[in-house]
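So in the working numbering the end of the sequence shown lands on 66, straight run, no missing numbers. Idealized CB from N, CA, C, for every residue including glycine. Since the structure comes first, as structure tokens, the remarks are kept for the end.
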Amino acid sequence: MKNGFLNLSRKSGEEVFLFVGDTEGNETQIRLVVTEAENGQARLAFQAPANVDIWREELLD
6 MKNGFLNLSR
16 KSGEEVFLFV
26 GDTEGNETQI
36 RLVVTEAENG
46 QARLAFQAPA
56 NVDIWREELL
66 D
């Protein structure tokens, strides 16, 4: 997939892993855990190397 959008349904305790490659063939692993999900909201926990910036959408404006 070149560019796209993936919708996932996850339950509390389930995880998603992102593997991001660079032009030199190195790969960075990012772990996303749904720590809580109820009433239409989810609490997320990210585990990533220190060189990975994680931003909330509202801070990008």
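1) Please check the pair THR40 and SER17, which I expect to be a contact at CB under 8 Å, by giving their CB distance rounded to whole angstroms.
2) Quick check on this structure: which residue in LEU64, ASP66 and VAL57 has the alpha carbon closest to the alpha carbon of GLY26?
3) Where do the ends of the beta strand (DSSP E) carrying ILE35 lie?
4) Rounded to whole angstroms, what is the Cα-Cα separation between ILE67 and GLU43?
5) For VAL38, which residues in the same chain have their Cβ closer than 6 Å to its Cβ, ignoring the five residues on either side in sequence?
With the structure as the only source:
1) Within the sequence shown, numbered from 1, the residue matching residue 40 stands at position 35. Within the sequence shown, numbered from 1, the residue matching residue 17 stands at position 12. Indeed, because the Cβ distance is near 7 Å, the residues count as touching under 8 Å.
2) Reading the sequence shown from its first residue, position 21 is the one you call residue 26. The residue with the shortest Cα to Cα distance from GLY26 is VAL57.
3) By 1-based counting over the sequence shown, the position of residue 35 is 30. Start and end: 32–43.
4) Because residue 67 is not part of the residues shown, which for the chain are 6 to 66, the question remains open.
5) By one-based count along the sequence shown, residue 38 stands at place 33. If we look at VAL38 and ignore the five residues flanking it on each side, its Cβ neighbours are GLU20 and ALA50.
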